[in-house]
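S.K.: Below is the structure I would like to discuss, written out as structure tokens.
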Amino acid sequence: MADLSRIGVAIDAELLAQFDRLIGERGYGSRSEAFRDMVRDALINQAAAADETPVVGTITLVYDHHQRMLSDRLTSAQHEFHHAMLSTLHVHLDHDNCLEVVVVKGPAGEVRHVADHLIAMKGVTHGRLTLTSARPASSGRAPRRPGRRGARP
Ligand code: NI
458 MADLSRIGVA
468 IDAELLAQFD
478 RLIGERGYGS
488 RSEAFRDMVR
498 DALINQAAAA
508 DETPVVGTIT
518 LVYDHHQRML
528 SDRLTSAQHE
538 FHHAMLSTLH
548 VHLDHDNCLE
558 VVVVKGPAGE
568 VRHVADHLIA
578 MKGVTHGRLT
588 LTSARPASSG
598 RAPRRPGRRG
608 ARP
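The opening position of the sequence shown corresponds to residue 458 in the working numbering, with each subsequent residue numbered one higher.
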């Protein structure tokens, strides 16, 4: 694990109260853990802004499979970009709608291009690209202190 540094943060009391509510709702055991996750998320987002950054991600698509030829066009597009496609999960949501999750990997610019292409297809009612990294900035976790109760280190 990476060396840990301790920092002090000056923060408005009301903002801190909102932060505590947020991380409580999300189930964080400590402010430090929530803070580390938020920093990693910001760093991944910043890195993924550059087209050449290697990323992994998921493209989530909801579409009406009655839409003419859409299933075939989605499959064709995935074959066209096969080098970036790792896996696809398909769920029949109801009589009309399908959910497809495509796991993608490659340079961020190319992954965004593939996602834009799929999401823009006529008949796709909602689509979203989520990018992440196999190697976040640091996955270091604070050691658990024996006897520590609750949150707030
Ligand atoms: Ni389906």
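All C-beta atoms in this analysis are idealised placements derived from N, C-alpha and C, irrespective of residue type, glycine included.
#1: Name the residue from Ala506, Asp551, Leu550, Ala467 whose alpha carbon lies nearest to the alpha carbon of Thr589.
#2: Does DSSP put Met495 in a helix, a strand or coil?
#3: Verify the contact flag: His549, CB atom, against every heavy atom of ligand 1, threshold strictly below 8 angstroms.
#4: So Gly580 packs on Leu546, CB below 8 angstroms; how close in whole Å?
#5: Using a Cβ-based criterion (distance less than 8 angstroms to any ligand heavy atom), does His522 qualify as near ligand 1?
#6: Where Thr517 and Gly584 are concerned, what is the direct C-alpha to C-alpha distance, given to the nearest angstrom?
#7: Using DSSP's beta-bridge definition, name the partner residues of Thr587.
#8: Tell me Asn554's beta-bridge partners as DSSP assigns them.
#9: With DSSP collapsed to three states, give me the class of Gly563.
M.R.: This is what the structure holds:
#1: By alpha-carbon distance to Thr589, the top candidate from Ala506, Asp551, Leu550, Ala467 is Ala506.
#2: Helix at Met495.
#3: Indeed, a heavy atom of ligand 1 lies less than 8 angstroms from the Cβ.
#4: Contact between Gly580 and Leu546 is ruled out by a C-beta separation of about 19 angstroms, above the 8 angstroms threshold.
#5: The answer is yes for His522.
#6: If you take the alpha carbons of Thr517 and Gly584, they lie about 5 angstroms apart.
#7: DSSP output for Thr587 lists Thr515 as bridge partner(s).
#8: Bridge partners of Asn554: Asp521.
#9: Gly563: strand per DSSP, three-state reduction.
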